[in-house]
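Residue numbers (my numbering), protein chains in the order written: chain X, 9 to 161; chain C, 9 to 161; chain L, 9 to 161; chain G, 9 to 161. All residues carry an ideal CB built from backbone N, CA and C; glycine is no exception.
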């Protein structure tokens, strides 16, 4: 997926998104970092770690989902006004292949930006040497929230 | 939800499920433990931790999702033959309220046990003092896998 | 599922819901009728019809989904103010068994009623003689809309 | 979405898919026809009809979902062996905008073709004069079934 031609409402969207991501302690705990921020599209990277596996030694699908959820949420956030917050209403993740690899690239791309409701699609790629493989897809619905101090940025 | 009247194919299902959960290093990393194993139903507990938050200081929804995914997967696993493995095909999680609380209870309950495909519903409750609140629901599809050494238990 | 103890904001909710359902020409076309309206729960019935099948002669899953979507939407609608409208944001349907039967009972039950966002679960049962079998589950997110003339009731 | 470079296992896939679609009486009832069959991608068209609406006079979302489900299922079917059948395990549909238009184009595109499990994404476009607008997205999981006489083609 490439991002459609979106125009952010907030010129400093990238700075705002990176600062908010940095406040997600869960992302630091799992080792995820934000590697690209474009209007309507955010990429996150997550190295494989032996303390984040399921029972067969692969990356736990739910951990992959958490990182992909953040990529998708921030993709929506790039297009929102500076003062707005974003809430995940729901997401669905399909696992296409075992999450085998040295690291993972999680990309969220906005499909529809609405005033209240946005829809974002995510792709998770496992990177194994010089091969990149699609291992999961996500589809998520987010809500723009304004005027609530507890849900900002 | 209470679990329907399921009859496990493997008398030692609880022991097997607990041993497999113990091999999920991701669950230890986020502090999740398995607290109940019944035929068709598994409960996991997750204490709030400051290193697992999203940007507003609440538990990250994706981390909640990871723990709930494990509860649901093992709920399906209780009903499977001893030698079978279980793979998550997909899950959907709806966030109903912010994940505010001292700890979280994640319960997976089998809705349909099929030979190949099972469907499990999950509930996430936030426990705040003596109040328990439903904060997320999950619906997941799992596949029984046999004869693959890399997907066992 | 039994409906939680919901208190409708509109005393004439049942009348309003039945009148709105009657305006869904799609429901008449597929032969669906509303058979029960409670606070937070609506049941729809759909007889099997030879002109509504998939390629193997069973009821088309998408048609079942359409009727179940209506049951879920109106379940949310029972709890809304008289002047509000309801929009489906998304739904997910899991098919558990082939839709074999003389008729189908579709039940939507509200899980969470929010000011803006509601979450509803649906169950589809196939009725074959005196046996009733769960054949599909639905999970849907709906939005309460006020002040829009094109989305009312 | 454009379809990846898929290679059908059955040279006569298009003929087989069109013949199977023709047996879906539900599609004839709602007026849907198959307009394009490529390896891994199928397009269906559905004209607006006054007998297929929800309560505000727009096409019923569930009917749109039924036609899109067929497009997605047959997209998966193009890549399957001649003797295999395909079963929908689950689908999720997100409604992005009201389904306003003279007709609708429903496109299913395979994301992952597996031996047993395939994942397909769908797009629904409303065509209003010479404008085409994305109004819904679908994400669906399908299972390849062989050796069952009641699930063939």
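Within chain G, no C-beta atom comes less than 8 Å from the C-beta of residue 35 (chain C); the nearest is roughly 25 Å away. In the three-state reduction of the DSSP assignment, residue 154 (chain G) falls in the coil class.
According to the DSSP assignment, residue 117 (chain L) belongs to the beta strand (DSSP E) that extends over 111-121. The residue among X:51, X:81 and X:24 with its C-alpha nearest the C-alpha of residue 147 (chain X) is X:81. Residue 73 (chain X) is positioned such that its CB atom lies no closer than 8 Å to that of residue 57 (chain X).
Using a CB distance cut-off of 8 Å, residue 72 (chain X) does not count as an interface residue toward chain G.
For residue 45 (chain G) and residue 78 (chain G), the gap between their C-alpha atoms comes out near 12 Å. Below 8 Å, enough C-beta pairs join the region 110-118 of chain C and the region 134-149 of chain C to call them touching: three or more. Proximity of residue 95 (chain G) to chain X, defined by a Cβ-Cβ separation below 8 Å, is not satisfied.
In chain order, 152, 153 and 154 place their CB closer than 7 Å to the CB of residue 92 (chain X), counting only its own chain and leaving out the 5 sequence neighbours on each side. Secondary structure of residue 88 (chain G) (DSSP, three-state): coil. Pairing residue 67 (chain G) with residue 61 (chain G), the inter-Cα distance amounts to about 4 Å. Listed in chain order, the positions of the region 141-152 of chain L with a beta carbon within less than 9 Å of a beta carbon of chain X are 147, 149 and 151.
About 11 Å separates the beta carbons of residue 24 (chain L) and residue 63 (chain G), which is beyond the 8 Å limit, so they are not a contact pair.
Of all alpha-carbon atoms in L:47, L:69, L:127 and L:41, the one lying nearest the alpha-carbon of residue 149 (chain X) is that of L:127.
Scanning the region 46-85 of chain G from its first residue to its last, the whole beta strand (DSSP E) runs of 3-plus residues come out as 49-55. Within the same chain, Cβ atoms closer than 7 Å to the Cβ of residue 15 (chain L) are found at 47, the five residues on either side in sequence being excluded. Counting the other Cβ atoms within 10 Å of the Cβ of residue 94 (chain G) gives 16 or more, which makes it buried.
If you compare the alpha carbons of X:106, X:36, X:71 and X:52 with that of residue 117 (chain X), the shortest gap goes to X:52.
Of X:41, X:43, X:105 and X:37, the smallest CA-CA separation from residue 59 (chain X) is found for X:37.
In this structure, the beta-carbon distance from residue 107 (chain X) to residue 143 (chain X) falls below 8 Å.
Close to chain L, meaning a Cβ-Cβ distance shorter than 7 Å, are the following residues of the region 95-128 of chain C: 100, 102, 104, 119, 120 and 127. In the DSSP assignment, residue 24 (chain C) falls outside any beta strand (DSSP E) and lies within the alpha helix (DSSP H) extending over 21-30. Looking from the CA of residue 102 (chain L), the closest CA among C:41, C:69 and C:98 belongs to C:98. Within 7 Å of the CB of residue 69 (chain G), the CB atoms of chain L belong to 77 and 96, in sequence order along the chain. The beta carbon of residue 17 (chain X) sits no closer than 8 Å to any beta carbon of chain C.
DSSP places residue 124 (chain G) in the coil class of the three-state scheme, outside both helix and strand. In this structure, the CA atom of residue 29 (chain L) is about 22 Å from the CA atom of residue 55 (chain G). Between the alpha carbons of residue 138 (chain L) and residue 41 (chain C) lies a gap of roughly 43 Å. Look at residue 54 (chain L): its C-beta is not under 8 Å from any C-beta on chain G. For the C-beta of residue 84 (chain G), not a single chain L residue is nearer than 8 Å; the gap to the nearest is close to 13 Å.
The contact set of residue 32 (chain L) on chain G, defined by CB atoms closer than 9 Å, consists of 61, 62, 63 and 68 in chain order. When Cβ-Cβ separations below 8 Å define contact, residue 92 (chain X) makes no contact with chain C.
Secondary structure at residue 17 (chain C): coil, using DSSP grouped into helix, strand and coil. Scanning X:43, X:120, X:20 and X:76 for the CA closest to the CA of residue 13 (chain X) turns up X:120.
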